[in-house]
Amino acid sequence: MRRVSCTFLAFGLACVMLLGGCNLAPKYQRPSPALPPDWTVGVPSTAQSGAKPQDWRQVVTDEPLKRLIELALANNRDLRVSALKIEKAMAQHEIRRADLLPKLDATAGADMQRTPAKLSPTGLATTTRTYSVGLGVSSFELDFFGRVRNLKEQALEEYLATEAAHKSFELSMVAEVGAAYLGLAADREHLALAREILATEQSSYGIIRDRIELGVANELDLARAQTTVDMARNAVAQYTVQVTEDENLLQQLVGMPLAPDMLPAQTLAQVAPMEHVPAGLPSEVLARRPDIAAAEHRLKGANANIGAARAMHFPVISLTGSYGTASNAVNGLFKPGAWAWTFLPQISLPIFHGGAISAGVKVAEAERDILVAQYEKSVQTAFREVSNTLAQGDALTEQVAAQTSLTTATGKSFELATLRYDAGVDSFLSKLDAQRSDASARQNLISARLGRQVNYLTLYKVLGGGWEEQEATSRIAEPGAK
1148 MRRVSCTFLA FGLACVMLLG GCNLAPKYQR PSPALPPDWT VGVPSTAQSG
1198 AKPQDWRQVV TDEPLKRLIE LALANNRDLR VSALKIEKAM AQHEIRRADL
1248 LPKLDATAGA DMQRTPAKLS PTGLATTTRT YSVGLGVSSF ELDFFGRVRN
1298 LKEQALEEYL ATEAAHKSFE LSMVAEVGAA YLGLAADREH LALAREILAT
1348 EQSSYGIIRD RIELGVANEL DLARAQTTVD MARNAVAQYT VQVTEDENLL
1398 QQLVGMPLAP DMLPAQTLAQ VAPMEHVPAG LPSEVLARRP DIAAAEHRLK
1448 GANANIGAAR AMHFPVISLT GSYGTASNAV NGLFKPGAWA WTFLPQISLP
1498 IFHGGAISAG VKVAEAERDI LVAQYEKSVQ TAFREVSNTL AQGDALTEQV
1548 AAQTSLTTAT GKSFELATLR YDAGVDSFLS KLDAQRSDAS ARQNLISARL
1598 GRQVNYLTLY KVLGGGWEEQ EATSRIAEPG AK
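Just add 1147 to wherever you are in the sequence shown, counting from 1, and you've got the working numbering.
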């Protein structure tokens, strides 16, 4: 019994020794691609140190849109798949973490064998029975060189990368639903305007036809009026189809049929505007963009994988053992003298593998270098997206102001041209030109307002969405840790 206790004490000490084993993974250093200290040069910037974008519920102020985004985050099938990938990655990490600990199994068995008389040394047929009950550890690897720990670390980083990718998907979903909602509101306003123009053109066509009967107008004016009526009918048909397509897209994103109270207002101007999102400095954006965080987690995982590949150059030490009782009768299993144990340490030292181990290290290092390039590209892409969105926002603000002024001017011009035509001072062609300019200006104003609203959503997305300071700190605790 003393000998057994010493054996399991030695086993316990060996388990403790693995905690102090070496780690062959290279020291991780975050790549630092060259970036300008601020956003687009020459564009008035709203960047300021310490600026933090709000949660999407603070950016989106329109209540129907808030409800649609919440439904999309709960029901969208692609988002559900993304969430399930997080659960899968977490389970894989748990499997790798379990490899650090010995697997203890309870065993019970029976072995019965009959030996015929011709084969029996006594010349008589014999039956032997062996029963056993015990606890055993099978093939537990002593992680002296960090192979198992690095595989566990790689699985952890993959889990964190999957979680960050899910957050990035959520940001994209918020922006996509918002853009679809605003697009539907804009197209409904386009359709209402097209119908208004059609009604006006049909009325104008009737007036000209009456003027021809009175000999005041000519057939050319009537033909031109017919042209404007047909163009307006065509516009109504186009926007009717577009509104239906917008509703179908929004329904797909939300993942359920849309009730009437979920649809936007009849005009884009009636939709509650997006709140302004402040832009921080580039270094702060890189700390909160989930796609960049995912790229860095995968890079860290590849770094740990190098350590696991390098460890294959060194011996692999594994332990197998069991402790229990054995007897040739069931009622004798727990009697004195029935205790039994086995202890089978094994060491495997690579001698010749045809260069496969060294090639495995090169593969791991190449994968790390690939992920370094991908991380740097993610950083550069993020800078470009934010810089472009900020520049577009300033331009769109100016465009909306200019288009508003232009719409006011063309409306006044159309009003005056109509009065001059009715008074017989000017031709119908002049009125028609003024009318087309007014209709085009009003449609372009809707598009400009849509672009400005969507720009706010895009800026929220490319800045990394809602962010709290503690999220920028490196995560030390593993999943499930208290």
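From the three backbone atoms N, C-alpha and C, an ideal C-beta is built for every residue, glycine too.
Integer Cβ distance of residue i from residue j, believed to fall under 8 Å
i     : j     : result
A1511 : N1452 : 5 Å
P1437 : K1314 : 4 Å
V1401 : A1219 : 5 Å
G1421 : V1206 : Before going further, note that residue 1421 is Met rather than Gly in the sequence given. Sure, about 6 Å apart at Cβ, within 8 Å.
K1250 : F1287 : 7 Å
P1180 : Q1527 : 6 Å
S1279 : T1472 : 7 Å
H1409 : P1211 : The question names His, but residue 1409 in the sequence shown is Met. Right, the Cβ-Cβ distance comes to about 6 Å (below 8 Å), so this counts as a contact.
S1351 : A1372 : 6 Å
A1456 : V1519 : Wrong, their Cβ atoms sit about 17 Å apart, outside the cutoff.
A1445 : A1255 : It is worth fixing the name first, because residue 1445 is Arg in this sequence and not Ala. R1445 to A1255, Cβ: 45 Å. No contact.
V1383 : R1435 : The Cβ separation is near 45 Å, so there is no contact.
Y1306 : M1237 : 5 Å
A1326 : V1547 : That pair is no contact at about 17 Å.
Run of the beta strand (DSSP E) containing residue i, from where it starts to where it stops
i     : result
G1471 : V1463 to S1474
Y1306 : That residue, Y1306, is in no beta strand (DSSP E); its alpha helix (DSSP H) goes R1294 to E1360.
R1276 : T1273 to L1289
P1492 : W1486 to S1495
G1256 : L1251 to T1262
Length of the line joining the Cα atoms of residue i and residue j
i     : j     : result
L1345 : D1185 : 49 Å
L1480 : L1247 : 33 Å
L1396 : L1576 : 41 Å
S1505 : S1534 : 44 Å
E1443 : R1177 : 8 Å
P1404 : A1419 : 23 Å
G1611 : V1432 : 7 Å
L1566 : R1380 : 25 Å
D1573 : E1336 : 32 Å
R1244 : G1468 : 21 Å
S1192 : D1541 : Note that S1192 scores 46 on pLDDT, short of 50, meaning its location in the model is unreliable and no value can be drawn from it.
R1589 : V1376 : 18 Å
A1619 : S1229 : Low per-residue confidence applies at A1619: pLDDT is 37, beneath 50, and the placement is therefore not dependable, though the value from the model is reported in the following sentence. Cα to Cα, the separation comes out at about 22 Å.
T1555 : A1549 : 10 Å
G1330 : A1416 : 12 Å
T1275 : N1475 : 7 Å
V1390 : L1338 : 8 Å
G1189 : A1595 : Reliability fails at G1189, whose pLDDT of 42 lies under 50, so the model's placement of it is uncertain and the value that follows must be treated cautiously. Answer to the nearest angstrom: the Cα atoms are 23 Å apart.
A1253 : L1182 : 59 Å
N1591 : Y1568 : 26 Å
K1137 : D1393 : Because the chain is modelled from 1148 through 1629, residue 1137 falls outside the range shown and cannot be assessed.
I1359 : E1366 : 7 Å
A1264 : T1277 : 20 Å
S1584 : E1217 : 41 Å
K1447 : S1285 : 31 Å
P1497 : A1172 : 19 Å
A1194 : L1597 : Bear in mind that a pLDDT of 49 at A1194, under 50, signals an unreliable position, so the number given afterwards is only what the model happens to contain. Their Cα atoms are separated by approximately 24 Å.
E1562 : I1439 : 55 Å
F1292 : A1312 : 31 Å
A1487 : G1281 : 9 Å
L1369 : Q1413 : 33 Å
S1560 : Y1328 : 33 Å
S1267 : A1257 : 21 Å
T1551 : P1411 : 22 Å
K1638 : A1333 : This structure does not reach residue 1638, given that the chain is present from 1148 up to 1629, and the question cannot be answered.
T1262 : I1494 : 37 Å
R1515 : R1531 : 24 Å
T1208 : L1537 : 21 Å
Endpoints, the alpha helix (DSSP H) within which residue i is located
i     : result
R1583 : F1575 to V1609
A1511 : A1503 to D1569
A1219 : E1210 to N1222
R1204 : W1203 to V1206
The ligand MG heavy atom lying under 8 Å from the CB of residue i
i     : result
L1480 : Of ligands this structure carries none, so the ligand MG is not represented either.
Using a Cβ distance threshold of 8 Å, determine whether the stretch 1463-1472 contacts the stretch 1314-1323, with at least three qualifying pairs required. no
Segment contact, 8 Å Cβ cut-off, at least three pairs: the stretch 1442-1457 with the stretch 1295-1308: yes
Just list the alpha helix (DSSP H) runs in the stretch 1397-1445, keeping only unbroken ones of 4 residues or longer that don't cross its boundaries, in chain order. 1429-1435
Three or more C-beta pairs closer than 8 Å, one from the stretch 1597-1608 and one from the stretch 1354-1368: is that the case here? no
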